[in-house]
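A.B. asks:
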Amino acid sequence: MFPLTSKNPSKEKAQELKRFIAKTRIQVFILLVFCSLLFILGVGRWDLWNPDEPRYAQVAREMVDRGDWVLMHVNGNTYEDKPPLFFWLIALSSFLWQGFTSFSARFPSAFLSTLTVLLTFFLGKKLYGSRAGFLSALILATSFEFAYLSIRANIDATLTFFTTASLLFFLQWYQSNKVEEGEKRDNRGLSIYGFYIGMAFATLAKGPVGFILPLLVSLAYLLFQKDWKTIKRMRLLTGMVLFFMIVLSWYLPAVLKGGQNFLNETLLHHTLDRFVKGSSHIRPVYYYLSNFPVDFLPWFLFLPGAIVYGLSKRKGKISKDFLFLLVWFVVIFLFFSFSKGKRAIYLLPLYPAASLLVGRFWDDYLSGSKRYSSREIWISLPIYLFIIFFFLMGMFLYLVPAIANFSVEPSTPKILKMIVKGAESGAKYLSYVPRWSVIPFIFLLVGSSILLSLAHVLKYKSLVFMLIVATAGINFFYGTRVIFPLVNPYKSARFISQEIVQT
81 MFPLTSKNPS KEKAQELKRF IAKTRIQVFI LLVFCSLLFI LGVGRWDLWN
131 PDEPRYAQVA REMVDRGDWV LMHVNGNTYE DKPPLFFWLI ALSSFLWQGF
181 TSFSARFPSA FLSTLTVLLT FFLGKKLYGS RAGFLSALIL ATSFEFAYLS
231 IRANIDATLT FFTTASLLFF LQWYQSNKVE EGEKRDNRGL SIYGFYIGMA
281 FATLAKGPVG FILPLLVSLA YLLFQKDWKT IKRMRLLTGM VLFFMIVLSW
331 YLPAVLKGGQ NFLNETLLHH TLDRFVKGSS HIRPVYYYLS NFPVDFLPWF
381 LFLPGAIVYG LSKRKGKISK DFLFLLVWFV VIFLFFSFSK GKRAIYLLPL
431 YPAASLLVGR FWDDYLSGSK RYSSREIWIS LPIYLFIIFF FLMGMFLYLV
481 PAIANFSVEP STPKILKMIV KGAESGAKYL SYVPRWSVIP FIFLLVGSSI
531 LLSLAHVLKY KSLVFMLIVA TAGINFFYGT RVIFPLVNPY KSARFISQEI
581 VQT
């Protein structure tokens with residue numbers, strides 16, 4: 081007797097591929113909806129705020145008014161601070177959304193941040209699987225500083241997108257075309273050119289740092305592995321020719337129009353001088369040690385455990401995938417730590433790497449990996465800290481007026497002063513708004529701490545993760561769509577300008 085049905089391996093593979101594509105599409109759709117709610121919906125409900133947003137919008141406005149897309153101006157004077165890519169995007173956004181508004185000025189940052197979240201998803205999927213990529217993308221979208229900068233008109237969101245894209249192309253090229261022993265012919269793919277194109281557009285967004293960061297990360301990764309053959313096969317000559325063709329398409333016309341002074345201001349004063357001499361935002365070398373943990377909340381609490389977990393060797397060898405993410409994170413962190421001028425915003429290009437490290441950590445935890453079980457403390461301890469943190473945040477919101485007027489003794493350590501200063505800054509924002517507006521925050525934080533306790537005790541691992549995502553996302557959405565418009569009269573220059581005009 082012959083069986084009525086027979087297995088067809090090729091058909092099964094085709095069906096499996098269809099299921100995989102369908103799953104990926106669903107995850108991408110969820111991320112698009114989630115990011116649209118967080119970053120795009122309602123970001124025009126408050127005016128452009130100092131220090132940067134009004135200036136950036138004005139540069140783009142004058143670019144359109146003058147019809148000069150090469151040499152930028154602000155208030156009639158030549159603008160030499162930054163390259164033009166971000167301002168081109170604001171100008172194009174003004175055509176798309178019919179005018180220069182707070183929404184059209186912020187849309188490029190919100191849109192590119194959404195794309196960065198998707199790039200993080202595809203990076204994680206490539207390295208560890210679709211669930212790890214999905215978790216990493218949610219982590220990135222709900223990390224405080226990344227989310228905040230996604231709703232502000234800022235250049236670093238553009239820089240971060242193109243540096244992430246550049247490193248994704250590098251990883252694609254490296255993984256799919258590994259050099260095998262005895263291989264005589266270099267048959268690597270053309271995706272390495274995406275690496276150079278990404279660097280070029282990152283450079284057009286923020287100057288030399290746009291190519292320095294991806295190049296440092298990729299070369300450091302290969303040097304750590306002593307992979308000299310791969311360095312030789314990076315097509316540096318043709319890649320850099322392509323890079324300069326893109327970059328010089330703006331720099332040459334701009335220098336011809338602006339002269340030697342423009343070149344000196346753009347490349348030397350606003351880049352090299354700020355890094356070496358710190359012409360603005362001068363801060364100590366340890367600044368980011370106190371700043372980054374706060375800005376990467378709520379996920380920073382899991383980052384130390386993720387790094388320790390990744391460093392634990394399997395078969396006497398550290399994973400190449402983990403090493404790539406760690407190098408990406410550490411190289412950018414150290415690069416900006418040794419810069420004289422420091423701002424929290426400068427670290428944005430390392431946030432995808434940090435999110436992928438934590439996302440992979442959570443993925444192993446949710447899968448019930450035996451290797452993970454001995455290190456469960458690295459998840460449990462942060463969760464308990466979250467519970468305490470949410471209660472403390474509830475107290476913070478209740479005591480806003482007292483904190484806003486809090487004074488620090490001169491003898492207080494500098495790191496503690498920075499933490500207190502950050503709390504004071506947040507308190508001052510909230511002190512401008514009615515007390516009723518912070519009540520939902522308090523209920524959400526206290527309720528989340530109770531639910532987190534129950535979910536963790538009952539071992540509902542996925543629920544714990546989703547509660548953290550939901551708490552961070554809802555808090556951020558409520559804060560930016562309800563609190564920000566209430567704070568707007570105290571932050572916007574529009575109101576005082578109207579009073580001056582009327583008098």
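Heads up, the sequence shown is in my numbering, so the first residue is 81 and it goes up one at a time.
All residues carry an ideal CB built from backbone N, CA and C; glycine is no exception.
Just so we're clear, the structure is a prediction, and the values are computed from it rather than from any experiment.
At which residue ranges does the segment 92-172 contain complete alpha helix (DSSP H) runs of 4 or more residues, listed in the order of the chain?
C.D. replies: You should have 133-146.
A.B. asks: Given this structure, state the Cα-to-Cα distance separating LEU406 from LEU437, to the nearest angstrom.
C.D. replies: The straight-line gap from Cα to Cα measures roughly 8 Å.
A.B. asks: Flag PRO429 as yes when its Cβ comes closer than 8 Å to any non-hydrogen atom of the ligand PLP, and as no otherwise.
C.D. replies: Annotation note on the ligand PLP: not contained in the displayed structure, which lists no ligands.
A.B. asks: What distance in whole Å lies between the Cβ atoms of LEU199 and THR158, which are believed to be in contact at a cut-off of 8 Å?
C.D. replies: The pair is not a contact, with the Cβ atoms about 34 Å apart (cut-off 8 Å).
A.B. asks: Who does GLY421 pair with in a DSSP beta bridge?
C.D. replies: Looking at the DSSP assignment, GLY421 forms a beta bridge with ILE362.
A.B. asks: Among VAL549, PHE557 and ILE563, which has the Cα closest to the Cα of SER216?
C.D. replies: The shortest Cα separation from SER216 among VAL549, PHE557 and ILE563 belongs to VAL549.
A.B. asks: Kindly list the residues whose CB is nearer than 6 Å to the CB of SER298, restricted to its own chain and excluding five residues on each side of it in sequence; keep chain order.
C.D. replies: Within the same chain, SER298 has close Cβ partners PHE250.
A.B. asks: Could you tell me if GLY262 is buried or exposed, where buried requires 16 or more neighbouring beta carbons within 10 angstroms of its beta carbon?
C.D. replies: In this predicted model, GLY262 has a pLDDT of only 40, less than 50, meaning its place in the structure is not dependable; the value taken from the coordinates is given anyway. The residue is exposed, with fewer than 16 neighbouring Cβ atoms inside 10 Å.
A.B. asks: Classify TYR456 as buried or exposed, calling it buried when 16 or more other Cβ atoms lie within 10 Å of its own Cβ.
C.D. replies: Reading off the sequence, residue 456 comes out as Glu, not Tyr. GLU456 should be labelled exposed.
A.B. asks: Consult DSSP for GLU225 and reduce its assignment to one of helix, strand or coil.
C.D. replies: Helix, per DSSP.
A.B. asks: Check this for me: beta carbons of VAL593 and PHE380, under 9 Å apart or not?
C.D. replies: The chain is shown from 81 up to 583; residue 593 falls before or after that span and cannot be answered.
A.B. asks: Quick one: what does DSSP say PHE486 is sitting in, helix, strand or coil?
C.D. replies: For PHE486, the predicted model reports a pLDDT of 46, less than 50, meaning its position is unreliable; a value from the coordinates is still stated below. Residue state, collapsed to three classes: coil.
A.B. asks: So what's PHE409 in DSSP terms, helix, strand or just coil?
C.D. replies: Here PHE409 sits in helix by DSSP.
A.B. asks: Once you ignore the five residues that flank GLU133 on each side, which residues in its own chain have a CB closer than 6 Å to its CB?
C.D. replies: Answer for GLU133: ALA233, listed in chain order.
A.B. asks: By alpha-carbon positions, which one of ILE425, VAL144 and TRP126 ends up nearest to GLY156?
C.D. replies: Measuring from the Cα of GLY156, the nearest candidate turns out to be VAL144.
A.B. asks: Distance, Cα to Cα, ASP236 vs PHE224?
C.D. replies: Each residue's alpha carbon lies about 15 Å from the other.
A.B. asks: Looking at SER189 and LEU229, is the spacing between their C-beta atoms short of 9 Å?
C.D. replies: Against a cut-off of 9 Å, the Cβ pair of SER189 and LEU229 comes out as a contact.
A.B. asks: When the Cα of LEU427 is compared with those of LEU218, PHE226, LEU207 and TYR136, which residue comes out closest?
C.D. replies: Nearest of LEU218, PHE226, LEU207 and TYR136 to LEU427, Cα basis: PHE226.
A.B. asks: Under the three-state reduction of DSSP, which class applies to GLY385: helix, strand or coil?
C.D. replies: Helix at GLY385.
A.B. asks: Determine, using beta-carbon pairs with one atom in the segment 407-416 and one in the segment 288-306, whether at least three such pairs fall under 8 Å.
C.D. replies: Verdict: yes, contact present.
A.B. asks: Under 9 Å between the Cβ atoms of ASN568 and ASP161?
C.D. replies: Not closer than 9 Å, so no.
A.B. asks: Taking THR318 as the reference, give the member of SER271, LEU461 and ARG141 with the closest Cα.
C.D. replies: Here the closest residue by C-alpha is SER271.
A.B. asks: According to the neighbour-count rule (16 or more other Cβ atoms, all chains shown, within 10 Å of its Cβ), is LYS264 buried or exposed?
C.D. replies: Residue placement at LYS264 cannot be trusted, given a pLDDT of 44 that sits under 50; the coordinates are not used to answer.
A.B. asks: Thinking C-alpha only, which one of THR560, GLN305 and TYR570 is nearest ARG125?
C.D. replies: The candidate whose alpha carbon is nearest that of ARG125 is THR560.
A.B. asks: Quick check for students: name the residue ranges of the alpha helix (DSSP H) that lie wholly in the segment 169-240, counting only runs of 4 or more.
C.D. replies: You should have 182-208, 210-222 and 224-230.
A.B. asks: Closest to TRP253 by CA distance: which of ILE231, PHE241 and TYR276 is it?
C.D. replies: Checked all of ILE231, PHE241 and TYR276; the closest Cα to TRP253 is TYR276.
A.B. asks: Can you tell me the Cβ-Cβ gap for ALA434 and PHE470, rounded? I've got them flagged as a contact below 8 Å.
C.D. replies: That belief does not hold up - the Cβ atoms of ALA434 and PHE470 are roughly 22 Å apart, past 8 Å.
A.B. asks: Buried or exposed for SER392, please, with buried defined as at least 16 other CB atoms from any protein chain shown within 10 angstroms of its CB.
C.D. replies: Exposed, since its Cβ has fewer than 16 Cβ neighbours within 10 Å.
A.B. asks: Excluding five sequence neighbours on each side, which residues of the same chain lie with their C-beta closer than 6 Å to the C-beta of TYR136?
C.D. replies: Answer for TYR136: ALA233, listed in chain order.
A.B. asks: Mapping DSSP to helix, strand and coil, what is TRP379?
C.D. replies: It is coil, neither helix nor strand.
A.B. asks: Within the same chain, show all residues whose beta-carbon is closer than 6 Å to that of LEU622, passing over the 5 residues directly before and after it, in chain order.
C.D. replies: No answer is possible for residue 622: the residues shown for the chain start at 81 and end at 583.
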